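Numbering-wise (this note's numbering), the sequence shown opens with residue 174 and increments by one.
C-beta atoms are modelled at their ideal positions from N, C-alpha and C, and glycine is treated no differently.
Keep in mind that this is a model prediction, so the values were computed, not measured.
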Amino acid sequence: MRVSLRWLRELVACDTPVDELAERLSLAGFEVEAIEDLAAQAAGVVVGLVERRDPHPNADKLSVCSVNVGSEQPLQIVCGAANVRAGLHVPVALVGAHLPAVELTIKPAELRGVASSGMICSLRELGLVDGSDGIAVLDELLEEVPALGSPVGPSLGLDDQVLELAITANRPDGLSMLGIAREVAALTASPLTLAPAAPTLAGEPLPVSPAVQRAIELGGLFSVSALKGVRVGPSPRWLQQRLERAGLRPINNVVDITNLVMLETGQPLHAYDSDRLADLGGDTLRLEALGLRQGEKGEGFEALDGSQLSLDEEALVVTYANQPIALAGVIGGASSSVHDGTTNLWLEAAVFAPQQVRRSARSAGLRSEACARFEKGLPREVTLLAANRAVQWLVELAGAEPVGRWLHQLPERPREPLCLRRDALHQLLGPVVDDGVSDDLPDGAIEQTLQSLGCVLEPINGGWSVNVPPSRALDLVREVDLIEEVARLVGYDRFAAHLPDPLSPGGLRPEQEVERRLRRALCQAGLQETCSLSLVEAGPGRIPLANPLLADYGHLRDNLVDELLQGARRNLQTGAPGFWAFEIGHVFSQLAGSTPPKGELQRLQLAGVITGRRSAELWSSGGKAISPSYFEARGALERALASLGVESEDRPLANHPRLHPGRAAELVIEGRGAGWFGQLHPAQAEALDVPEATHLFQLDLTPLLTAATRRNRWTPSYSPYATVPAAERDLALVVPRELIASRLIQAIRKAGKPLLEHVELVDRYEGEQLAAGRCSQAFRLRYRDASRTLTDAEVEAVHGRIREALETQFDAQLR
């Protein structure tokens, strides 16, 4: 919201310096993003009189002018404008002046052999809207031309300052000059100077069909004011300046008045040429032909800005004779727009539901000042007041004559007053500190603060009954909202700071500590952490958003691997030697078996991709880039899990659609499947243009965190070095080929207790020397007793017990 300081001071008698006012607004919640000083646009530009104009001796399109700027000698200025002539008062930029609008600093120059000292300016060069092709003629722009040599800025309205405010979604009143004026009045205790209420135009029922009536009632109000005898032309200069400073382009007096009222009150309005509407219907003008409905798929619509739109069912359109004449709350249509020949008007003032306007704007891909206000919600009490104000300006500035008004609105439900308890306010805010003295905020200060916002207070037992003004009815709906307003306007910095009593130290929960330790362990294993958007494009099973901002990001992600693979593809295509990365984040899915799907689930997952080489050196591999093998990649993940004291078991996985059928494993933690690890399927690797040796993993963090926090597994514990020798034995067994080594190791550990200290797989062999469907697996076992040296007999007894257990459980044969 761009706020003209001059206009603001016409509404509220506040002489606070602009920098101090900007700070107070920012502290109160209206952040001032920038302050634009319009005086800088005309610094060094003065009023001059062209005393003589001669043709340039060496150029047909240039003129040599003698310009009197109030100095002893007139200036010689070479000018290229076609409309320059003797006797005109013009703005003259003196040597040394800087014009920010065109980024030009005036210097003495020589143009085609003729010296020039200064520049005669156009309005565009002063940062103003200019509809002409030549220089600015002050005789035509101003009723009274200032003295020669005086600054031209004040007479052109360039003695103003514009504040750029960031308006939050809960403060739609901040999108109007009246709303900002009330805020400034409350902050500075300054009186408001508001214009008297405009004459009210009596309203009659609007004849509409039941379908249109239901559409109108979603917003609550729809009105049409008819005027005749309108004279369309340029707006007065003061009106144009107000629009320009607000960032709007002047069009004509009718359109400019609707925009002015929108800036003043926050209520968008729209004017239709009623004669053009009658032509659309093919007969005389009829109120019954006015409608409001959803758009149709592929329905064409030409907007005021000339864009050709293809509507859909998301768009809400105002129609006449079932033809769209406006995209409700967003933009009007070209077929019914006001033009120079317009004499009869229909002025629309309505309240549309915020969600409907938001969907319409998104479906059309358009943003406008009107939809920015409708989307935040508008009070119905302001709508007809704004229409009355616009009718008043149309009568005064366009010679219009009101004919009548027709409207349809829902009965307004009386708003219940809010109860503000004195004890609740003091308990929540605490005491105010003034001059080192701490005390509760006086009742008089509370009442004055809320009354400055337009609230009406009635004392009740222990507090006040508060009636909220319509302009704040969408924001102030609870007691705590009123307390917040008191704190905001009094100043948060004035309240004493209180710490909780008693104080208790904070800290991480065990789950949080495990998660952070896991992140560090994965980074130490060579992986980098990434972070991707949780919003993705549509896909099978993905949960759609009810109100997406962008069509390509309208669903919640159901996995982390997709974005990691795309990241690997992008990095490898840009020449990176490899991509080792992981991400921890939430994924979203729906419970199966419900129609429509219900019970949406949110899960925390860990996913990663390992592809390409991690190091930058090539000498150790003879200049060739060697990708990690399946077991090297699996080892990187295992080292990270081992740092948590969690053991994982691999089980063969052959039916995963994303993984290589022979190089994939289910990751089992505490006997339950927690995720998977494997090599990317060759077909998907080819489609993504990534190396075939690309390895993926995915784990649900909940079972992992549960296992890691059962006890403090990662706390280092002291273990003395062994002081007695160990005894090692090798055990080679012929087992079924599909039997995995982890099951054998688990059985060996169980049967070898308590003397078995360590076991590991040292060899696996398949060949012709073995029977079909059999393989040989060799293990190295280490036995030790911490208190004494074991005898061969003791070792052989345990070793034999292990062989018997393997023969019984797995039909293992000693090789």
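Shown here for ALA195: same chain residues with a beta carbon closer than 7 Å to its own, the five before and five after excluded, namely VAL205, ILE208, LEU336 in chain order. Rounded to whole angstroms, ARG953 and GLY844 show a C-alpha spacing of 25 Å. When DSSP states are grouped into helix, strand and coil, CYS696 belongs to the helix group.
If you check the CB distance, GLY636 and ARG594 come in under 8 Å. For TYR803, the uninterrupted alpha helix (DSSP H) run begins and ends at 803–815, by DSSP. Every unbroken stretch of the beta strand (DSSP E) spanning 3 or more residues and falling wholly within the region 875–926 is given here in chain order: 900–909. Excluding residues up to 5 positions away in sequence, VAL205 lie with their Cβ nearer than 6 Å to the Cβ of LEU198 in the same chain. C-alpha of PHE752 to C-alpha of ARG742: approximately 9 Å in a straight line. Going by beta carbons, ASN432 and GLY406 fall outside the 8 Å limit. At least 8 Å separates the beta-carbon of PRO643 from that of PRO721.
When the beta-carbon positions are compared, GLY603 and ALA669 come within less than 8 Å of each other. Annotation for GLN334: no alpha helix (DSSP H) segment contains it, though the beta strand (DSSP E) segment containing it runs 334–339. Bounds of the alpha helix (DSSP H) holding PHE547 are 542–547. For VAL782, there is no enclosing alpha helix (DSSP H); the enclosing beta strand (DSSP E) has its first and last residue at 774–785. Pairing GLY627 with GLU620, the inter-Cα distance amounts to about 11 Å. Runs of the alpha helix (DSSP H) lying entirely within the region 636–665, each at least 4 residues long, are 652–663 in chain order.
Looking at the DSSP output, GLY253 bridges to nothing. Taking the Cα of LYS926 as reference, the smallest distance to any Cα among GLN857, GLU941, GLU756, ILE975 is reached at ILE975. For GLN565, the enclosing alpha helix (DSSP H) covers residues 553–571. With contacts defined by Cβ atoms closer than 8 Å, ALA560 and ALA534 do not form a contacting pair.
Less than 8 Å divides the Cβ of VAL503 from the Cβ of LEU539. Between the region 888–896 and the region 912–919 there are fewer than three C-beta pairs closer than 8 Å, too few to call the two in contact.
Relative to the Cα of GLY946, the nearest Cα in the group ARG459, VAL908, GLY505, THR962 belongs to VAL908. Under DSSP, GLU283 shares a beta bridge with ALA288. For PRO855, the secondary structure class from DSSP, reduced to helix, strand or coil, is helix.
A distance below 8 Å separates the beta carbons of VAL403 and THR515. In the DSSP assignment, PHE474 falls within the unbroken beta strand (DSSP E) covering 473–475. Per the C-alpha coordinates, the member of SER536, ALA970, PHE474 positioned closest to GLU486 is SER536.
By the C-beta density criterion, ARG546 is buried, having at least 16 other C-beta atoms within 10 angstroms. It is roughly 9 Å from the alpha-carbon of THR867 to the alpha-carbon of LEU738. Across the set ALA959, GLU298, ASP210, ALA724, the C-alpha of ASP210 shows the shortest separation from the C-alpha of GLN334. Closest in alpha carbon position to TRP411, among GLY455, VAL302, ASP452, ALA339, is VAL302.
Between the alpha carbons of TRP180 and VAL428 lies a distance of about 20 Å. If you compare the alpha carbons of PRO228, LEU928, GLN950 with that of ARG937, the shortest gap goes to GLN950.
Judged by their CB atoms, VAL257 and VAL223 are nearer to each other than the 8 Å cut-off. Residue state for GLY402 is assigned as coil, using DSSP reduced to three classes.
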